[in-house]
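Residue numbers for the sequence shown follow our numbering, so the first one is 616 and each next one is one higher. Scroll down for the structure; my scribbles are underneath it.
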Amino acid sequence: MGEFLIYRGRVLLFLRQTARRGHGDRLLRALTDLGIAGTHWPLQVAFDAYLHGEARLKDVNPEVRGAARRIYDWLDAPRRQGREAQ
Numbered sequence: 616m617g618e619f620l621i622y623r624g625r626v627l628l629f630l631r632q633t634a635r636r637g638h639g640d641r642l643l644r645a646l647t648d649l650g651i652a653g654t655h656w657p658l659q660v661a662f663d664a665y666l667h668g669e670a671r672l673k674d675v676n677p678e679v680r681g682a683a684r685r686i687y688d689w690l691d692a693p694r695r696q697g698r699e700a701q
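Here it is in structure tokens:
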């Protein structure tokens, strides 16, 4: 997760914009096809939950869930505050 923290703002903005434009599921498939989802499982799980509901976080093992929950909270913060990130 170290590299993610360095680029967190840009990654979160990219993921939010992808979701906003309706390409979230396409990105999830691409991450899986490229093998990135397997090496960055918490990021993939968090983005899936962002797209399809927080309950998706319960579908993964506890080792992944903690990191995925943190990423999900970062992604979802603007929605919880009642506005979308710019």
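Each residue gets a CB set at the ideal place from its N, CA and C atoms; glycine is no exception.
Output needed for residue i: all residues of its chain with C-beta closer than 8 Å, excluding positions within five of it in sequence on either side, in chain order.
i	result
Leu690	Leu627, Leu630, Arg631, Ala661, Phe662, Tyr665
Trp656	Val675, Val679, Ala683
State the start and end residues of the unbroken alpha helix (DSSP H) segment that holds residue i.
i	result
Leu649	Premise fails: Leu649 is in no alpha helix (DSSP H) and is neither H nor E.
Ala670	First-last for Ala670: undefined, no H or E at that position.
Tyr622	Where Tyr622 is concerned, there is no enclosing alpha helix (DSSP H), given that its DSSP letter is neither H nor E.
On the three-state DSSP scale, how would you describe residue i?
i	result
Gln632	helix
Val679	helix
Gln659	helix
Gly697	coil
Tyr687	helix
Gly637	coil
Counting only the same chain and skipping the five closest in sequence on each side, list residues whose C-beta sits under 7 Å from that of residue i.
i	result
Gly624	none
Using a Cβ-Cβ cut-off of 6 Å (strictly less than) and excluding sequence neighbours within five positions of residue i, which residues of its own chain qualify?
i	result
Ala652	Leu646, Gln659
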